[in-house]
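Here is the structure we will look at, set down as structure tokens.
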Amino acid sequence: MNSALNPSLEKSLWNSDKVTKQYADDDYLLKPEQAILNIMRNRLPQMRMLDLGIGGGRTTVHFAPLCKEYVGSDYAEKMVDACVERFPNPGPSIRFEVIDATDMKGVPDQYFDFILFSFNSIDCVPPEDRHKVLEEVRRVGKPGGLFAFSSHNLRYLRRMYAIKRHRKLKDFLYQFYRSLMLIYYNGLPSRYDNKDYGIICNGVEHFSLNLYYGKPEFQVKQLRDAGFKNIRAFTNEETDVKNLHKVTDQAWIHYLCEI
Ligand SMILES: C[S@@+](CC[C@H](N)C(=O)[O-])C[C@H]1O[C@@H](n2cnc3c(N)ncnc32)[C@H](O)[C@@H]1O
39 MNSALNPSLE KSLWNSDKVT KQYADDDYLL KPEQAILNIM RNRLPQMRML
89 DLGIGGGRTT VHFAPLCKEY VGSDYAEKMV DACVERFPNP GPSIRFEVID
139 ATDMKGVPDQ YFDFILFSFN SIDCVPPEDR HKVLEEVRRV GKPGGLFAFS
189 SHNLRYLRRM YAIKRHRKLK DFLYQFYRSL MLIYYNGLPS RYDNKDYGII
239 CNGVEHFSLN LYYGKPEFQV KQLRDAGFKN IRAFTNEETD VKNLHKVTDQ
289 AWIHYLCEI
């Protein structure tokens, strides 16, 4: 059964040719990301943006052309190389750098107006280091600037384990197999009922990746404790943070907060 993240294994996975290729062409935006972009749109031309954990540059496509200055970054060198290749001659206001979100050495204090860490990338960070990301974001972000990210919802586990109806036997059998594997790797969902977070193997990358899943209200507390203000949450639509403990049908929650 799972209980830990393995940072060096995780990094080597993200830095592999196979996974880099999987992310190389993505260019969609999720509904909550679109909502956040719409909120930000008029301010982006005055903003310096730091896009952390960009992978193959999915969010670059949407944000970089709108910003005063844009730095796309990832701790996996191959992801950064893939972005350099994907966006040749991006212009003087756009660049790509290797940056570890837990230790952004070399990035000046209070430089960025908007920092994004999309697609649950923060959940690759071991729980004991999660505070480092929040501290670094507060250090390199301007006071009054904005931080957006998403994170897995621990309250979604029961739905994730559930065996749904399928028209095709093949799909049903796969779902059955997946549910058994989830129990094998993580135990039953009830194991996490009284926990603020869990380390979950959700099946991505053939059950080779463990990820942080947290209770949304615990995430909000972490943000408040770290000094973030005006915390907003998005599922399919904006959701009052006071009601986040009721959200059981969303695998991820997106957050937007003031630095
Ligand atoms: C799930 S992928 C998401 C990629 C991209 N944000 C997207 O939405 O397509 C997670 C990304 O986070 C990066 N990552 C994980 N931990 C990181 C860290 N500590 N600092 C910077 N990047 C990190 C990985 O290398 C990977 O590219």
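With the sequence shown counted from 1, adding 38 to any position gets you the working numbering.
We put the beta carbon where it would ideally sit given N, CA and C, even for glycine.
In this text, all values refer to a predicted model and were calculated from it rather than measured experimentally.
Beta-carbon contacts of residue i that lie in its chain and below 7 Å, excluding the five residues immediately before and after
i	result
V258	I269, V279, L282
P130	none
Q213	I201, K202, H204
T98	D89, I92, G110, C121, F125
F210	H204
8 Å Cβ shell around residue i - same chain, five flanking residues per side excluded
i	result
L9	With the chain covering only 39 through 297, there is no way to say anything about residue 9.
I26	Nothing can be reported for residue 26: it is not among the residues displayed for the chain, which extend from 39 to 297.
F298	Past the edges of the chain, shown from 39 to 297, lies residue 298, and the structure says nothing about it.
P146	V178
For residue i, the nearest candidate out of the options (CA to CA)
i	options	result
Q72	E276, A289, V285, T286	E276
I201	Y215, Y194, L192	Y215
R262	R229, L172, I221, N224	L172
F165	G236, P70, M85	The identity of residue 165 in the sequence shown is Pro, whereas the question assumes Phe. Nearest option by C-alpha distance: G236.
T58	E107, L104, V118	V118
R193	W52, R229, S46, F210	R229
D167	Q260, D231, L88	Q260
M85	K208, G95, E107	E107
D64	K208, G95, T286, K253	G95
P70	K233, K284, N274	N274
A264	E174, V285, Q288, Y66	E174
S189	S217, S159, K56	S159
G252	K208, W290, Y61	W290
M219	I238, L207, K206	I238
L68	V285, F272, D287	F272
For residue j and residue i, the rounded distance between their alpha carbons
i	j	result
E115	S54	10 Å
L75	F125	21 Å
H292	L247	21 Å
A186	L226	31 Å
G144	F157	25 Å
E243	N191	19 Å
N240	L249	8 Å
L104	N44	36 Å
R196	A42	21 Å
H169	Y149	20 Å
M87	A139	14 Å
H100	L82	11 Å
P254	V136	29 Å
D141	K233	27 Å
Cβ neighbours of residue i in the same chain (closer than 6 Å, five flanking residues each side left out)
i	result
E48	C162
F134	G110, V118, C121, V122
A102	Y108, I132
Next item on the list: Could you tell me whether the region 110-128 touches the region 170-181, where touching means 3 or more Cβ pairs closer than 8 Å?
Entry: no
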